[in-house]
Every structure is written in structure tokens, then in C-alpha cells.
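As given, the protein sequences belong to chains A and B, one line each in that order.
Residues 27 to 254 (the working numbering) are what the first sequence spells out, left to right.
Residues 7 to 218 (the working numbering) are what the second sequence spells out, left to right.
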Amino acid sequence: MADMSEEPDIIRDPKYDPPYPQDFYRFWPKHVFKTILVLGLLMGGLGYLTFQFQVPMDSNMPPLPDEGMWVPAPEWYLFTLFQPFWYLTGEDVSWRPLFTFWVPVGVLILLFAMPFVFGRKRAPVEGVGVVKRTGLAVLFLFIWGAGIAGVVGSGYPAKTTGCPSCHNPMMGQRQALPPADMGKFYREAREQQIQVGRYRIGNTMGMGDSYKDANWQLRHFYEPTMTW
Amino acid sequence: MSGKFSNWLEERTGFRTWSRRKGAQAVPSHVGWFHYCFGGLSLFIIVLQVLSGIFMVFFYKPEPLEALKSIEYLSNEVTLGWFFRNLHRWGSTLLIATIFTHMIAVIHQRAYRNPRELNWVSGLLQFMVVFLLLATGLILPWDWRAYWSFSIWVDYFATWPLVGDFLKNFLLDTFSINRSFVLHILVLPLTLFILLFFHFRMVKKHGISEPL
């Protein structure tokens, strides 16, 4: 550790010249300790999750098919995007492009345009009042909550770690691994299954009775023991 | 003796002077715990993803019939392999959430405004790249879960107007585990690092945004 006994006063970059608010603290030690604390909490949380919720990989001891419900997983974000396949079935299929293309693209365009449309003027240095500040906090907390709720709501039913229950070598090669030639399988076998097959039980969960298509795949992930 | 060594090292490297100057850098007092920490947390998770990914790349085989077996070997036979694999997976799960939270905080603080337009644009591009990293990473085990995500992605792009059929055929014709692997460990990380570098240069130039 370098000798800090002769610590200089605060060094302020020109970018923080007035009218920027002239209230600062030193990077060391206050900000360093804050950073260490926050990163420590993150590492602790990550460590706990890593030990507590692991992806089962022992083929001799496969998990139960319903394992993984409520456990956050990267697939949850995909479920959010793929919801049009869940809700828009039958006669509503034609509406899918609205939610798979136009809405996402529109949101992205709005986000990229935001600083050029809403941010031409530099933010006022004097800030905003308490009431407006509180209102903004509530508004964006709601927006954040809506996004998180969307991900959680669409992802929590998925049994994200239960797949090896049936998809394991003991069930045979065809059941254990997906096909190597994805293009051929998608165009031929999967398409044939979609066209010819029809889900044997019928409509499940009120969300369709198709077979092997995207809608079925969502149903399979949500209820693997009912849709297979 | 230690003092002499310290002085010698200082003359050669200037580390003591550098650390004093860095330690004395001004941090605006309004930098609170919530609004301004998620960008740093995201960066830290990205670093963890890189380190854990480097570890796993020594054991992973990007072949359809070998990919899952290599991951099983990593998880069951390699010391701490299970830890790095699950850390990588949990890291990707939390990373999207921290970046999203950071984005909302930036909007709330109006930190996208003049003169920080390019901070915002580069940040958005990074978000997209990270999402692509998630999508390509899910495919690499090539288990039925990977098949699930890829086939629905194909269906997803097939619904796009005008270019849907082209994108569908492009994905089906060009897809391979090895290509996803190259994208995941080389192309996308390199793109992300370039964007990160630019993002940090912009932050350094324009500083932390004013408080509300």
C-alpha cells in the first residue's frame, strides 16, 4: 500500500467546474469502501446462488421433471420475448409480427432516439424540486418494476432445470440429445410433426392444442409432464 | 531498508504519486448507493463472466454430440468445474437485470441528455450485445433446452415482415455449434470490449451527471 499519510486535497477535473455542484468527497477512502461493500454483497449473493441452485449434471441421478420452477434462469428473458407464441394462436397468429417485430423495433428506435429528441438541452444544474423528484422516482420505479414483473411473470412457471429428468442417456440417444443437423430437422422432421401431429390430450392450459411448434415448446417448458 | 526500496520503486514507476492522485480524485457527493452502482456491478459481472468463461473454454467441445458430454465432464470431474459453470450461468442471469436497472437509473437521472448522447447510445449497444451473448451461450450445451431456444428464435424471426423468410433460412443454413461458439467467445466479447472502452472514455470525458 502506498504511503497515504501525505494525502493531497481533492483533485477536481475541469469537467466538474462550476456551475456543476461543488460538493465532493475523495475517492479514497470513502468511495473505495463503498465499492468494496457493494461488490462484496454481489459476490456473496452470487456465491450463495451458485452453491444453492445448481444445474443438475449427473446423468445417473436426473432431477425431477418439475425442478427449476421459480428459480431465475437466463431463459426467463427469452420467455418474455416469446410470449406472442403463447398468447397469439389460432386466428390471432396474424398479430404476432406486431409483438415480435414492430413493438420491439419501435422500443429500440425510441430508446436510441431519446437523447436526440428529449435531451437536446443540457440538464439544469439547479435540479428539480422534492415533489417532482419524488414523482420521477415513483414513475421509474414503476417502469423498472413492470420490466422485472414481465420477466418474472413469464419465466417463473418454467422448469428450467428439470429437462434432464427425461432428456438423459438412459432414455436413449434420440431422447438425450437434439439432432446434430438443425436445419434438416427443423425443415423436415419438425415441420412434419407440426403438420401431421396433433397434441393427443387436446387443448392444454387453455393455450392451444398444436404440436411441436413454438407454442407447444412453451407449453412443454411450462408443464413438461403434461405436454410431451 | 524498506524505505529505500520504496523510494527506489517510486523513482522507477511513480506508483506512489499515481495512487495519491487517484485517491484524491473528486467524487460528486450525490453519487449514492442505488443510482450509480449498477453500472459498476454490471462491469464486475462481465469480468466474472470472462474469467469463468476462460476456465470453461479449456474443457468445452463445440460439437453436437460432444458438447453436453464435455460440460458433464466439467461439472462432475473437474475440480470446481461445477462452481464456474453455475457461476457463469447465474452471472448471465443477473447481468441482464443489472444492466436494465442501470438503464432505468440513467433515464431517471436524465443522464442521457446533452452532452452524454454517445454514452447512452454505446450503452444501448452494449445491452444488445450482452443479450446476444446470452442467446448464443444458451445454445452451446446443445441439449434439448438449447434446441428449444434456437428453434423458437427461428420461428421468432420468421414472423418478421418482408425479411422473415430470409432470416429464417439464413439461420437454418448457417447454424452450427462451432459458429455459435466463435460468436460467444470471440466476436461478441470483442465487440463488447470495444463498446465498453468507448463508453468509459465518454464517462471520463463528461463525468458523472448532475443530480436531479
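Even for Gly, the Cβ is constructed at its ideal location relative to N, Cα and C.
Computed from a predicted model, the values in this text were never measured in an experiment.
Residue i at chain A interface by Cβ criterion, 8 Å
i	result
residue 78(B)	yes
residue 28(B)	yes
residue 70(B)	yes
residue 97(B)	yes
residue 17(B)	no
residue 64(B)	no
residue 132(B)	no
residue 81(B)	yes
residue 45(B)	no
residue 184(B)	no
Own chain, CB closer than 7 Å to residue i, minus 5 neighbours either side, in chain order
i	result
residue 96(B)	none
residue 187(A)	81, 82, 89, 93, 94, 97
residue 163(B)	170, 173, 174, 177
residue 131(B)	201
Beta carbon proximity, residue i to chain B, threshold 8 Å
i	result
residue 170(A)	yes
residue 157(A)	no
residue 84(A)	yes
residue 243(A)	yes
residue 47(A)	yes
residue 53(A)	yes
residue 215(A)	no
residue 41(A)	yes
residue 137(A)	yes
residue 30(A)	With a pLDDT of 47 at residue 30(A), under the threshold of 50, the predicted position of this residue should be treated as unreliable, though the coordinate-derived value follows. By this cut-off, residue 30(A) is an interface position.
residue 59(A)	no
residue 160(A)	no
Burial state of residue i (16 or more Cβ within 10 Å)
i	result
residue 71(B)	exposed
residue 168(A)	exposed
residue 33(B)	buried
residue 135(B)	buried
residue 207(B)	exposed
residue 18(B)	exposed
residue 31(A)	Any reading at residue 31(A) must be qualified, since the residue scores a pLDDT of 49, below 50, and its modelled position is unreliable; no value is offered.
residue 92(B)	buried
residue 125(B)	buried
residue 88(B)	buried
residue 161(B)	buried
Three-way DSSP call (helix, strand, coil) for residue i in this model
i	result
residue 243(A)	helix
residue 31(B)	strand
residue 51(A)	strand
residue 110(B)	helix
residue 200(B)	helix
residue 135(A)	helix
residue 220(A)	helix
residue 37(A)	strand
residue 185(A)	coil
residue 149(B)	coil
6 Å CB neighbourhood of residue i in its chain, flanking five on each side removed
i	result
residue 28(A)	Unreliable placement is indicated for residue 28(A), whose pLDDT of 41 sits below 50; no coordinate value is reported for it.
residue 68(B)	183, 184, 187
Anticipated Cβ contact below 8 Å, residue i with residue j, distance rounded
i	j	result
residue 184(A)	residue 117(A)	Contact flag wrong, Cβ pair sits at about 27 Å.
residue 158(B)	residue 240(A)	5 Å
residue 191(B)	residue 59(B)	7 Å
residue 166(B)	residue 123(A)	6 Å
residue 217(B)	residue 73(A)	The pair is not a contact, with the Cβ atoms about 34 Å apart (cut-off 8 Å).
Other residues of its chain near residue i: CB distance less than 8 Å, five sequence neighbours each side excluded
i	result
residue 238(A)	216, 219, 220, 223
residue 250(A)	91, 92, 185, 188, 189, 191, 192
residue 145(A)	none
residue 85(A)	190, 194, 195, 196
residue 189(B)	138, 142
residue 23(B)	16
Residue i: contacting residues in chain C (beta-carbon distance under 9 Å)
i	result
residue 56(B)	The structure shown contains no chain C; the protein chains it does contain are A and B.
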